[in-house]
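The structure under discussion appears below in the form of structure tokens.
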Amino acid sequence: MGIFDFIRRGASAEAVSRPRAEAPGGITFTGLDDPALLETEGNAYARVIRAAGRPLHLIPFEKGCVDPKLGGNYRMQYRCQTEKGGHITLDQDEILHVRDLSLDGVEGLSRRKLSTEVFELARGAQRRESSRRALWLSDR
-19 MGIFDFIRRG ASAEAVSRPR AEAPGGITFT GLDDPALLET EGNAYARVIR AAGRPLHLIP
41 FEKGCVDPKL GGNYRMQYRC QTEKGGHITL DQDEILHVRD LSLDGVEGLS RRKLSTEVFE
101 LARGAQRRES SRRALWLSDR
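Residues -19 to 120 (the working numbering) are what the sequence shown spells out, left to right.
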């Protein structure tokens, strides 16, 4: 059973009858496909707890607590902040990383940040065009 089969099982009758899991610190885990998290951050992370090679639990990380890096051997490494303020480094096999649109394949882009940049670019182009028109009209 792959990790995505494990996630898809979340809609089964068995999963619906269970109470929602709470992460340490009392944060309710609503799922890695939470649209608000992917819109604002572009990434969602969960630690995969396995037994005998099979995934048993997903423990979500709060936003801003994980720093992804591409290692020299082309394997992802994740530096994660613990609740007590320490740091641990986890390999790509120990983390489920759901990323949104990405330029480098390492980190997802925040759609809100991206849309803000698009509007700023359009506003700048509009200002430039209006200043060119004013210059053209003044030359007549």
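C-beta atoms are modelled at their ideal positions from N, C-alpha and C, and glycine is treated no differently.
Model, not experiment: these values are computed from the prediction.
*So residue 119 is in the alpha helix (DSSP H); what residue range does that whole segment cover?*
Working through the sequence shown from its first residue, we reach residue 119 at position 139. From DSSP, the alpha helix (DSSP H) with residue 119 extends over 91 to 119.
*DSSP state of residue 69 mapped onto helix, strand, coil*: Working through the sequence shown from its first residue, we reach residue 69 at position 89. Residue 69: strand per DSSP, three-state reduction.
*Look at the alpha carbon of residue 80 and the alpha carbon of residue 22, and state the distance between them as a whole number of angstroms.*
Along the sequence shown, read from residue 1 onward, the residue named residue 80 stands at position 100. Along the sequence shown, read from residue 1 onward, the residue named residue 22 stands at position 42. For residue 80 and residue 22, the distance between alpha carbons rounds to 5 angstroms.
*For residue 82, which residues from the same chain have a beta carbon less than 7 angstroms from its beta carbon, with the 5 sequence-adjacent residues on both sides left out?*
The residue you call residue 82 lines up with position 102 of the sequence shown. Counting only Cβ-Cβ distances below 7 angstroms, and skipping sequence neighbours, we find 88, 89.
*Based on the DSSP output, what are the partners of residue 34 in its beta bridges?*
Along the sequence shown, read from residue 1 onward, the residue named residue 34 stands at position 54. Per DSSP, 31.
*With residue 140 and residue 39 assumed to form a contact (beta carbons below 8 angstroms), what rounded beta-carbon distance in angstroms separates them?*
Coverage of the chain is limited to positions -19 through 120, which leaves residue 140 absent and any answer about it impossible.
*For residue 60 versus residue 78, is the C-beta spacing smaller than 8 angstroms?*
Walking along the sequence shown from the start, residue 60 turns up at place 80. Walking along the sequence shown from the start, residue 78 turns up at place 98. Not in contact: residue 60 and residue 78 (Cβ atoms no closer than 8 angstroms).
*Identified DSSP bridge partners for residue 46*: Stepping through the sequence shown from its first residue, residue 46 is reached at position 66. Residue 46 pairs with 60.
*Would you kindly work out how many angstroms separate the C-alpha atoms of residue 27 and residue 102, rounded to a whole number?*
Residue numbering aside, residue 27 sits at position 47 when the sequence shown is read from its first letter. Residue numbering aside, residue 102 sits at position 122 when the sequence shown is read from its first letter. So the two alpha carbons sit approximately 40 angstroms from each other.
_Taking the alpha carbon of residue 41 as the reference point, which residue from 63, 93, 107 has its own alpha carbon closest?_
Residue numbering aside, residue 41 sits at position 61 when the sequence shown is read from its first letter. Ranking the options by Cα distance to residue 41, first place goes to 63.
*Return the residue from the list 86, 18, 29, 31 that minimises the CA-CA distance to residue 50.*
On the sequence shown, position 70 is the one that residue 50 refers to. The shortest C-alpha separation from residue 50 is found at 86.
*asked:* Less than 8 angstroms between C-beta atoms, sequence neighbours within five positions excluded: which residues of the same chain meet that for residue 56?
replied: On the sequence shown, position 76 is the one that residue 56 refers to. Contacts found: 48, 49, 50, 71, 72, 75, 77, 86.
*Taking the C-alpha atoms as reference points, what is the distance between residue 100 and residue 24?*
Numbered from 1 along the sequence shown, position 120 holds the residue referred to as residue 100. Numbered from 1 along the sequence shown, position 44 holds the residue referred to as residue 24. Near 26 angstroms, if we compare the C-alpha coordinates of residue 24 and residue 100.
*Are residue 123 and residue 19 close, meaning C-beta to C-beta below 8 angstroms?*
Outside the modelled stretch of the chain, which goes from -19 to 120, sits residue 123, for which no answer is possible.
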